[in-house]
Structure formats: C-alpha cells, structure tokens
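Step one of this worksheet: look at the structure below.
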Amino acid sequence: FKTELATFKSVQNNEVYDTSKSGSGTWFEQRIAEYDVVLQDFCEVVGHNDDSKIPHQRMYFRKLLPTPET
110 FKTELATFKS VQNNEVYDTS KSGSGTWFEQ RIAEYDVVLQ DFCEVVGHND DSKIPHQRMY
170 FRKLLPTPET
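Here the sequence shown stands for residues 110 to 179, where the numbers follow the numbering used here.
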C-alpha cells in the first residue's frame with residue numbers, strides 16, 4: 110500500500126496522526142470520558158486552536174509523520 114498512501118495529501122504534507130498518544134486503550138480504560146480534551150486535540154490537529162488563550166498539549170492524537178512522537 111506504500112504507493113497508494115504516498116498519494117494522500119496528508120502523507121505528502123506530513124500531517125498523519127493516530128489515536129495512540131496515551132496508549133492503545135486509553136479511551137476505554139479511563140473511568141471518565143474527556144470529550145473536551147479529545148475536541149481540543151482534534152482542533153489542534155486540523156489547525157483551529159488558539160494557543161495564546163489556552164495552551165494545549167495533545168493527549169489522544171499522536172503525530173506520525175515526519176517522525177513519531179513518544
């Protein structure tokens with residue numbers, strides 16, 4: 110699938126994310142769902158986050174390209 114994936118705009122722009130930043134089952138293992146944090150993560154991924162008002166560090170979405178975050 111490498112050639113097919115290379116045609117994706119997100120891959121070409123190094124904007125590929127997954128949902129494993131806090132572990133593989135974090136969402137289902139936490140007692141209380143944090144919908145607000147997921148929404149803030151998503152807003153940062155798509156570029157609609159204002160860090161000057163409320164700084165946010167992603168908890169659920171992990172950037173995979175150009176290199177994976179730990």
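Each residue gets a CB set at the ideal place from its N, CA and C atoms; glycine is no exception. Because the structure is a prediction, the values reported are computed rather than measured.
Helix, strand or coil at residue 127 [DSSP, three-state]: If DSSP states are grouped into helix, strand and coil, residue 127 belongs with the strands.
Secondary structure of residue 172, DSSP reduced to three states: It is a strand residue.
Nearest candidate by alpha-carbon position, reference residue 173, set 120, 118, 125 and 115: 125
Residue 160 classed as buried or exposed, judged by whether at least 16 other C-beta atoms fall within 10 angstroms: exposed
At least three beta-carbon pairs within less than 8 Å, the stretch 161-171 to the stretch 134-149: yes
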